[in-house]
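Position in the sequence shown counted from 1, then plus 41, gives you the working numbering. Input: a single structure, listed below in structure tokens.
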Amino acid sequence: MRRRQLLQLLPASAMAAAMALAGSNALAGPGRVRFLAVADTGSGNSHQRAVGVQMAAVHRQRPVDLVVLGGDNIYPSGDMALINATFLRPYAELLAARVPFHAVLGNHDIRTANGDPQVAYRPFGMRGRYYNLRRGDLELFMLDTNGNADWAGQLRWLRSVLGSSTAPWKVVVGHHPIYSSGYYGNDTNLRGKIGSLLQRHGVQLYINGHEHNYERSRPIDGITYLVVGGGGASLRPILPTDQSARAISTYSFAEIEAGPKELTVAAWDSKGQLIDRAVIARR
């Protein structure tokens with residue numbers, strides 16, 4: 042039976058048991074960077090708002106430096122008329138605390154004016170359709186993984202910025218998965234475009250959405266693949282495979298801290314329960 046058929050038969054799962062609270066209450070030290078990552082957020086529904094409440098709770102306990110939005114920021118078609126319900130209201134506390142957001146475009150976002158209004162919207166923190174930003178020991182490389190992206194120009198840029206980066210931690214963010222055990226599965230086309238670049242330049246983490254669930258892969262050629270698509274859109278079931286280290290269909294987000302020797306990933310559901318924790322060592 043095909044994966045999509047199997048997934049359609051599985052019920053959405055939720056985390057039943059609480060786990061120990063992760064992290065400290067201290068501010069990140071010199072060079073350390075703490076950020077939140079979430080995708081497929083722009084539903085404007087109670088699930089998105091519940092995730093937003095828990096994101097703000099994490100920031101109150103362990104202040105974060107930024108929030109990464111992994112695309113599909115406004116459903117169903119990227120219409121900026123819905124910005125209040127899909128962004129300003131769910132993340133009001135984080136925005137009031139002046140936590141910067143940095144987004145990438147998802148496939149729903151480009152349905153209105155090819156996503157240009159979102160690129161121009163300053164609170165989304167997009168410095169272009171693809172861009173990079175350095176914070177302490179971390180450098181983020183934010184991609185447009187849509188089929189109509191300027192792939193020739195983007196790949197030239199990515200080779201250049203990855204090759205010149207001196208950051209101990211290199212994290213790439215795109216909307217679409219490269220490795221996934223969810224509805225869409227592994228994307229050999231996207232892997233063919235950027236997989237070898239990520240390996241060659243020592244990228245440790247790839248973050249994406251598109252799959253409406255949470256999944257952390259086992260390291261694949263030195264790279265961990267993190268799906269954070271539980272931000273508010275209707276959940277889809279997930280069928281773990283051998284490449285999965287943790288896979289669960291629940292509304293959720295990730296808290297990531299980059300330190301001198303390791304990168305820590307913790308994932309939280311919309312009720313504030315810890316659903317995953319892992320440590321990624323320096324390559």
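C-beta atoms are modelled at their ideal positions from N, C-alpha and C, and glycine is treated no differently.
Between the options, which has its C-alpha nearest residue i's C-alpha?
i	options	result
residue 175	202, 269, 156	202
residue 99	77, 86, 114	77
residue 281	250, 259, 273	259
residue 177	209, 168, 123	209
residue 184	164, 147, 207, 162	147
residue 221	295, 123, 270	270
residue 227	191, 192, 267	267
residue 149	304, 199, 318, 121	121
residue 279	304, 310, 224	224
residue 204	138, 231, 240	240
residue 152	143, 116, 251, 131	116
residue 103	173, 113, 298	298
residue 142	114, 154, 126	114
residue 196	231, 132, 305	231
residue 295	193, 319, 170, 309	309
residue 323	166, 301, 132, 86	301
residue 319	192, 173, 251, 246	246
residue 273	263, 251, 262, 168	251
Can you tell me whether residue i is helix, strand or coil according to DSSP?
i	result
residue 135	helix
residue 293	strand
residue 122	helix
residue 343	The requested residue 343 does not occur in the structure, where the chain is confined to residues 42 to 324.
residue 79	strand
residue 229	helix
residue 127	helix
residue 145	coil
residue 320	strand
residue 208	coil
residue 197	helix
residue 167	coil
residue 310	strand
residue 222	coil
residue 249	strand
residue 91	helix
residue 103	coil
Under the assumption that residue i contacts residue j (Cβ atoms under 8 Å), give the Cβ distance between them as a whole number of angstroms.
i	j	result
residue 265	residue 219	Contact flag wrong, Cβ pair sits at about 11 Å.
residue 140	residue 108	6 Å
residue 73	residue 105	Rounded, the Cβ-Cβ distance is 11 Å, inconsistent with contact.
residue 293	residue 316	6 Å
residue 179	residue 214	No, residue 179 and residue 214 are not in contact; Cβ-Cβ is about 12 Å, not under 8 Å.
residue 96	residue 135	6 Å
residue 79	residue 92	7 Å
residue 133	residue 165	That pair is no contact at about 15 Å.
residue 249	residue 217	6 Å
Buried or exposed, going by whether 16 or more other CB atoms sit within 10 Å of the CB of residue i?
i	result
residue 111	buried
residue 211	buried
residue 187	buried
residue 129	exposed
residue 118	exposed
residue 207	exposed
residue 275	exposed
residue 229	exposed
residue 333	No answer is possible for residue 333: it lies beyond the span of the chain, which begins at 42 and ends at 324.
residue 84	buried
residue 125	exposed
residue 81	buried
residue 60	Low confidence applies to residue 60: its pLDDT is 29, below 50, so where it sits in the model is not reliable enough to give any reading.
residue 138	exposed
residue 189	exposed
residue 349	In the structure as shown, the chain starts at 42 and stops at 324, and residue 349 therefore has no counterpart that could be examined.
residue 168	exposed
Within 8 Å, do at least three Cβ pairs link the segment 232-241 to the segment 250-258? no
Segment contact flag, the segment 283-290 with the segment 240-257, C-beta cutoff 8 Å, min 3 pairs: yes
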